[in-house]
Amino acid sequence: MLNLYDTATSQIRPLKQRVPGQLSIYLCGPTVYGPPHIGHGRATLVYDILRRYLEWTGVAVRLVSNITDIDDKIIDRATRENRPWLDIAQKCEHVWFESMARLGVKRPTDVPRATEYVDQIVDLIADLVAKDAAYRTDDGIYMSTSVVADYGLLAHQKIDDMLAGGGDRNVFGADQKKHPADFVLWKFSKPGEPAWPSPWGEGRPGWHSECVVMSLELLGEGFDLHCGGADLRFPHHENERAQAVALGKDFAHHWMHNGFVVDTEGEKMSKSLGNVTNLPDLLDRYDARAYRMLLLQTHYRSPVKVGLDNIDASVNALAGIDSFAARTSSLTATPDVATLDAFRAAMNDDLNTPVAMGVLFDAVRRANIAVDAGDTQSAASMSSAVREMCIAVGLQLDVAKEVDADAQALATALDAARAAKDFATADKLRAELQALGYLVETTKAGTTLRRA
RNA sequence: GGCGACGUGGCCGACUGGCUUAGGCACGGGCCUGCAAAGCCCUUUAACCGAGUUCGAUUCUCGGCGUCGCCUCCA
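Position in the first sequence (first residue = 1) + 1395 = our numbering.
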């Protein structure tokens, strides 16, 4: 059973399954108005690892992750660039999933778009209005947070205390709100803006209403886990919950939040600070698996520095596992039980992937020792355990690729030259093969080639 | 101003009141190799500062210093 930190209770507790053997997860997806940055990459990788691990243990996971395809930022950009807003949303969504594919992040089981749920969103807001939990102002319909007794649950702070400071920013519709914490459910549209009909006038849904509707529509009440980046804890998740609570609905039973990607000075990367690295740029420069490895070696709730040194270390660590995979690819056996037990224990302890990776690296080392000692039995069961662990966390190993006939001929010639002690020729052949992009491993047993 | 997280060896990063375990990367030495590469072995003896609790604290408590986050753009 996976024990997982729950933001609502500030405790590590079992992640309960509403239906045994199944797990329902809602992950707040991106607002598609620009390229994804590496913070998005972290969030999606963390939950991809969670999902894959759960699936590996035999749990059927339904992961719903939305696309926010209508939002002020999309409209702003459309206006600025004089393009249709839908064009921006669709192109950005395409880039998003392209990056996800490169990262090896499995596509969610459901990808609802906000614009596909406007009717249901209107219905939900109407229910809130009917219950006096929402009210109208000149610019939209607002949620009355004071009807929610435990508003502030996820923030772990009283509203008054939250409002005491930090009031140095522009708050949408602030002048007409009944309470400063109230938030917009429906925004009336200005001329030329995208608009949908509603009983209160044309407009568009507020961000917080989209997610509560889509999660409840697709997963139903009392779904197992709601997750996202730590910055969504408040206000976004708090506000989603407030709407559900105000309607008497059973909302998410467990809340999970991942830590941020920070820059080399330790500051959070965010678009407003201008210190973001775009995900496509990162993926152009490095093996995508290196980012996954880097995150696996950090706890999901800790901040992680993503810099050149860090990624290089992960690239090198990965190279070691790759060459291990290549030298043990032909071995098959039942995976070593103790190793997998240790791995599960680490993962079940609030997804302690750094410890789990320790187990993995230890297994690699022991398997290598066994190979060197000619103990194929142990080598096989250890290496099989390594392959299992890699599957569980979504690490694809680069096993030896096919070697073309020409290169194989050069390798054979290389072996012949070595046998004849013609080392000048042997060195030349090796250099040739390396120039062709192969990793050349010359051993007593003969030369093996891998794609570099 | 409120709430919270963190400060571990050259870098990243876990566990833990004592029984010298992290783990990865880098550096150095060795084995292997014709030489390399890959792999293996060994190595360097760390916990921001101060006080307290304790037989004993990196680990608990308090204080200080520092870094970071949330407080209606945000993964």
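Glycine included, each C-beta is placed from N, C-alpha and C at the ideal position.
Item, Value
"Ends of the beta strand (DSSP E) at Phe1618?", "No beta strand (DSSP E) holds Phe1618; DSSP gives it neither H nor E."
"Sorted by chain position, which residues of the same chain lie with C-beta nearer than 7 Å to Ser1776's C-beta, five sequence neighbours on each side aside?", "Ala1728, Thr1729, Pro1730 and Asp1731"
"Is Thr1820 helix, strand or coil by DSSP?", "helix"
"Near Arg1761, what residues of its chain come up, given a Cβ to Cβ distance below 8 Å and the 5 sequence neighbours on each side ignored?", "Ser1773 and Met1777"
"Quick one: Cα of Gly1562 to Cα of His1649, how far?", "Reliability of the predicted coordinates at Gly1562 is poor, the pLDDT of 49 falling under 50, and no value is obtained from them."
"From Glu1450, Arg1497 and Thr1426, pick the residue whose C-alpha is nearest to that of Tyr1681; which is it?", "Arg1497"
"The ligand NAP and Ala1787: does any heavy atom of the ligand fall closer than 7 Å to the residue's C-beta?", "In terms of ligand content, the structure shown is empty, and the ligand NAP therefore cannot be addressed."
"So what does DSSP say about Gly1598, is it helix, strand or coil?", "strand"
"Using the DSSP secondary-structure output, state which residues sit across from Ala1529 in a beta bridge.", "Met1538"
"In the DSSP assignment, find the beta strand (DSSP E) that holds Leu1792 and state where it starts and stops.", "Per DSSP, Leu1792 belongs to no beta strand (DSSP E) and is neither H nor E."
"In whole angstroms, what separates the C-alpha of Gly1535 from that of Asp1793?", "54 Å"
"Using a threshold of 8 Å, state whether the C-beta atoms of Leu1753 and Gly1499 are closer than that.", "The question names Leu, but residue 1753 is Gly in the sequence shown. Not a contact, by the Cβ cut-off of 8 Å."
"Identify the residues that DSSP records as bridge partners of Gln1417: which are they?", "Ala1455"
"Using only alpha-carbon positions, find the residue among Ala1625, Pro1575, Ala1685 and Ser1665 that is nearest to Asp1707.", "Ala1685"
"Would you mind stating whether Val1701 and Thr1672 have Cβ atoms separated by less than 8 Å?", "yes"
"Measure the C-alpha to C-alpha separation of Leu1418 and Ala1521 and round it to an integer number of angstroms.", "30 Å"
"If Tyr1421 and Leu1614 are in contact, beta carbons under 8 Å, what's the gap, nearest whole angstrom?", "6 Å"
"What does the alpha-carbon distance come out to for the pair Val1608 and His1435?", "22 Å"
"Within a Cβ cutoff of 7 Å, which residues of the same chain sit near Gln1571, ignoring the five residues on either side of it in sequence?", "Thr1532 and Asp1533"
"Arg1502: buried (16+ other C-beta within 10 angstroms of its C-beta) or exposed?", "exposed"
"For Asp1700, name the three-state secondary structure that DSSP assigns.", "One point to set straight first is that residue 1700 is Lys, not Asp, in the sequence displayed. If DSSP states are grouped into helix, strand and coil, Lys1700 belongs with the strands."
"Just to confirm before moving on: does the CB-CB distance between Asn1461 and Glu1605 stay below 8 Å?", "yes"
"If you compare alpha carbons, which of Arg1846, Gly1841 and Gly1624 is closest to Ala1830?", "Arg1846"
"Measure the C-alpha to C-alpha separation of Arg1447 and Asp1704 and round it to an integer number of angstroms.", "28 Å"
"Do the CB positions of Thr1540 and Ala1403 come within less than 8 Å of each other?", "no"
"Thinking C-alpha only, which one of Leu1844, Asp1619 and Val1766 is nearest Val1456?", "Asp1619"
"Report yes if the CB atom of Pro1698 is closer than 8 Å to the CB atom of Val1657, and no otherwise.", "yes"
"Are the beta-carbon atoms of Leu1580 and Gly1601 separated by less than 8 Å?", "yes"
"Going by alpha carbons, who is nearest to Asp1505 out of Gly1424, Leu1668 and Leu1481?", "Gly1424"
"Between Lys1823 and Asp1817, what straight-line distance do the alpha-carbon atoms span, to the nearest angstrom?", "10 Å"
"Give me the residue from Val1517, Ala1840 and Ala1800 with the minimum Cα distance to Ala1811.", "Ala1840"
"At the level of alpha carbons, what is the spacing between Leu1558 and Leu1690?", "34 Å"
"Going by alpha carbons, who is nearest to Glu1597 out of His1603, Met1495 and Lys1582?", "Lys1582"
"Looking only at DSSP bridge pairs, what is Asn1398 linked to?", "Pro1409 and Asp1744"
"Measure the CB-CB distance between Tyr1400 and Arg1696 and report whether it falls below 8 Å.", "yes"
"Should Glu1633 go down as buried or exposed, given a rule of 16 or more other Cβ atoms within 10 Å for buried?", "buried"
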